[in-house]
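Chains as they are written, first to last, in our numbering: chain D, 3 to 379; chain X, 3 to 379.
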């Protein structure tokens, strides 16, 4: 589920300059060659649905296996034959984010001018840049319209920007556990993660490709992230039982870190392997594009930002999402209503926390019905 | 407000072994000399009130100045002449935690056997050890009874343990924004902080005193802490206005980190100076004693833990405290009721977040009246 290049990813190389949104020192920034990594499932003649990635997600949203083992593909419970996003009925695509390291151009890509990785010479990436790179791929693949764009978290940012930049291309937008801007809590926790990476002694200003990797800083960053992906209530439910069952909790093995609480083991398990796999600069670029995502500031207001949108919207939030609390979704719903956009709001009563949209049980019990209804409209 | 030795701290040296609670490899652990750093205010003939420190707090809770400038002493709005904890009426003490670096023995103290800092040779510290070291000092100072013990956060842990270990010594216990155990969110965020410190290349297994300090890791740890000390709602109120007023939010100066959002500047301001000032091993020891604080696990249940308590209790929580949510305080209240302990519960409607008890306006508006009433009983 990490965002490094999945064996099943295809990579399309566009031998044409890609111009980025943000100039540097007043000068336009571009790369001479754009690569786009993606996976696709289903018949290209069917209506197309684009699944957008969250921060660390690879192109491998599903593997079309009809099994209930959802270990690897990150949205196998959502996307597949007979699933909510039914690959028998839709042509489904998942595209790696620009700036990432899962097949699309990013700071770890080779700069053709130097033959070495761009590292921090890679231009700054915004969500708008990501969406434009995705549009180039879809255009190349002959997709003329998206039946729907769906994504959780940062994937929801992309879904919104699709509706703004390409109003005639997109029929349905479905941001899940997302918002129209990053709030200050996200900005702060993202900053801790960026600093954790950049202060790793191995980071060396981003030029680490010829030496040891800043894996420790990346692991710390990831641990910070994971403390925000599950709600405190869920952590208690998930881990407290182990804590209670320990017969000798005060053995010095804990203090001497020969033993850990289950919650600590969990953090280590999800973070240390990831840190060997994902490009640290990519993480910095993606976190920055998250932090700087703010449709209200960029367009003057959320209402002005959503003005071009023609798509129907379905906005999904979960009551216990502590990273993207429902008030953020509700601001979007309110703005869509003001703008006379057709919008449906689903507030899921669910205290799992931000990652709710990835959990098979929650998908089957709480997301499938409203999503199928909305997709059938 | 950092916990390194304050110029006004006194240090009492006890030339006697201090035995720690936790054996190592089955063997009792001790230090041959115990130092205790503290400050005291008011007339020692008055009833004594002990103010306990939270994670990073120094002995310098107040400076007795009657000014409204609360920049340095961390509880100047609470403790002082005419304040809630009135130094004209009470003899007030604040003692640095064992394992810290504010005057009381800790991993940065010199091991008399080697002439060098203990570093990780310092025995493991529990909240019980802290309280026993405080009792030794009070006994030496001739204090026979505590009129009250009060503390926020980890300071509340100490207040509870005072009531358990020395039931005849303590008349009133006041944990503020605290609990009877660390929940899994604390365990996880503490673990990130410990890893951030210990994975700093300069940490070198805790033996950094003869070289560069692991300040970066400590700064990252501190930043993680600060994302939990203020509620997301408060962050939004405090920092969003700056964010909105920026005319050119998408200038690349932000991406290139020549400029930061106010929320990011705040994190840097509170964390980087701290990291040059506080001992990294002390932070690890104190975080571990926090993580491993669990009266329920230790005594079999919270009810069993509180059995010896004779003191009256006043338990204060704030509705918006996301680190020590009110349910933790309410479990204590419920247990105290079951145990027929006289207990008063104050749930403050206040969404500032965990640090509410340090904010002068909140102290004056919401804490002073109930606390004065309780202290007058």
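Beta carbons: idealized from backbone N, C-alpha and C, even for Gly.
Alpha carbon of residue i to alpha carbon of residue j, nearest angstrom
{"i": "residue 288 (chain X)", "j": "residue 46 (chain X)", "result": "29 Å"}
{"i": "residue 9 (chain D)", "j": "residue 227 (chain D)", "result": "26 Å"}
{"i": "residue 163 (chain X)", "j": "residue 75 (chain X)", "result": "25 Å"}
{"i": "residue 272 (chain X)", "j": "residue 210 (chain X)", "result": "23 Å"}
{"i": "residue 129 (chain X)", "j": "residue 139 (chain D)", "result": "59 Å"}
{"i": "residue 304 (chain X)", "j": "residue 275 (chain D)", "result": "38 Å"}
{"i": "residue 279 (chain D)", "j": "residue 354 (chain D)", "result": "27 Å"}
{"i": "residue 114 (chain X)", "j": "residue 121 (chain X)", "result": "13 Å"}
{"i": "residue 235 (chain D)", "j": "residue 189 (chain D)", "result": "23 Å"}
{"i": "residue 26 (chain X)", "j": "residue 360 (chain D)", "result": "43 Å"}
{"i": "residue 213 (chain D)", "j": "residue 103 (chain D)", "result": "18 Å"}
{"i": "residue 157 (chain D)", "j": "residue 119 (chain D)", "result": "26 Å"}
{"i": "residue 142 (chain X)", "j": "residue 310 (chain X)", "result": "24 Å"}
{"i": "residue 336 (chain D)", "j": "residue 144 (chain D)", "result": "35 Å"}
{"i": "residue 298 (chain X)", "j": "residue 307 (chain X)", "result": "7 Å"}
{"i": "residue 347 (chain X)", "j": "residue 313 (chain X)", "result": "15 Å"}
{"i": "residue 169 (chain D)", "j": "residue 111 (chain D)", "result": "31 Å"}
{"i": "residue 223 (chain D)", "j": "residue 64 (chain D)", "result": "26 Å"}
{"i": "residue 368 (chain X)", "j": "residue 82 (chain D)", "result": "55 Å"}
{"i": "residue 301 (chain X)", "j": "residue 231 (chain X)", "result": "29 Å"}
{"i": "residue 215 (chain X)", "j": "residue 296 (chain D)", "result": "38 Å"}
{"i": "residue 175 (chain D)", "j": "residue 152 (chain D)", "result": "6 Å"}
{"i": "residue 241 (chain D)", "j": "residue 268 (chain D)", "result": "9 Å"}
{"i": "residue 290 (chain X)", "j": "residue 262 (chain D)", "result": "11 Å"}
{"i": "residue 43 (chain X)", "j": "residue 100 (chain X)", "result": "21 Å"}
{"i": "residue 96 (chain X)", "j": "residue 29 (chain X)", "result": "32 Å"}
Chain D contact for residue i (CB, 8 Å cutoff)
{"i": "residue 319 (chain X)", "result": "no"}
{"i": "residue 166 (chain X)", "result": "no"}
{"i": "residue 129 (chain X)", "result": "no"}
{"i": "residue 99 (chain X)", "result": "no"}
{"i": "residue 225 (chain X)", "result": "yes"}
Chain X contact for residue i (CB, 8 Å cutoff)
{"i": "residue 106 (chain D)", "result": "no"}
{"i": "residue 261 (chain D)", "result": "no"}
{"i": "residue 21 (chain D)", "result": "no"}
{"i": "residue 33 (chain D)", "result": "no"}
{"i": "residue 222 (chain D)", "result": "yes"}
{"i": "residue 163 (chain D)", "result": "no"}
{"i": "residue 156 (chain D)", "result": "no"}
{"i": "residue 248 (chain D)", "result": "For residue 248 (chain D), the predicted model reports a pLDDT of 48, less than 50, meaning its position is unreliable; a value from the coordinates is still stated below. Yes, residue 248 (chain D) counts as interfacial toward chain X."}
Within chain X, the residues that residue i reaches when beta carbons sit closer than 7 Å
{"i": "residue 242 (chain D)", "result": "186"}
Within chain X, partners of residue i - CB distance below 8 Å
{"i": "residue 382 (chain D)", "result": "Since the displayed chain D opens at 3 and closes at 379, residue 382 (chain D) lies outside it and no answer follows."}
Interface partners of residue i on chain D, CB under 7 Å
{"i": "residue 218 (chain X)", "result": "201"}
{"i": "residue 340 (chain X)", "result": "Those do not exist, as residue 340 (chain X) stays about 19 Å from chain D at its closest Cβ, beyond 7 Å."}
Near the ligand ATP: residue i beta-carbon under 7 Å from a heavy atom
{"i": "residue 63 (chain D)", "result": "In terms of ligand content, the structure shown is empty, and the ligand ATP therefore cannot be addressed."}
Checklist entry - Counting pairs of beta carbons, one from the region 166–181 of chain D and one from the region 305–318 of chain D, are three or more of them closer than 8 Å? => result Cβ pair count under 8 Å is three or more, so yes.
Next on the checklist: Counting beta carbon pairs with one atom in the region 209–223 of chain X and one in the region 191–202 of chain D, are three or more of them shorter than 8 Å?
Outcome noted: Taking a contact to require three or more Cβ pairs closer than 8 Å, the region 191–202 of chain D and the region 209–223 of chain X qualify as touching.
Next on the checklist: Does the structure place the region 55–63 of chain X close enough to the region 22–36 of chain X that three or more beta carbon pairs sit under 8 Å?
Outcome noted: Under the three-pair Cβ rule at 8 Å, the region 22–36 of chain X does not count as touching the region 55–63 of chain X.
Checklist entry - Are three or more beta carbon pairs between the region 118–135 of chain X and the region 16–29 of chain X nearer than 8 Å? => result Taking 8 Å as the limit for Cβ pairs, the verdict is that the region 16–29 of chain X does touch the region 118–135 of chain X.
Next on the checklist: Please identify, using Cβ separations under 8 Å, the residues of the region 228–242 of chain X that lie next to chain D, in order along the chain.
Outcome noted: Correct list: 228, 229, 234, 237, 238, 240, 241, 242.
Checklist entry - Per the contact definition of three or more C-beta pairs closer than 8 Å, is the region 366–374 of chain D in contact with the region 77–95 of chain D? => result Counting Cβ pairs under 8 Å, three or more are found: they touch.
Checklist entry - Using a Cβ cut-off of 7 Å, which residues of the region 190–203 of chain D contact any Cβ in chain X, in chain order? => result Listed in sequence order: 190, 191, 193, 194, 197, 198, 201, 203.
Checklist entry - the region 262–276 of chain D: which residues have C-beta closer than 7 Å to a C-beta of chain X, in chain order? => result Listed by position, the residues of the region 262–276 of chain D near chain X (Cβ gap below 7 Å) are 263, 265, 266, 269.
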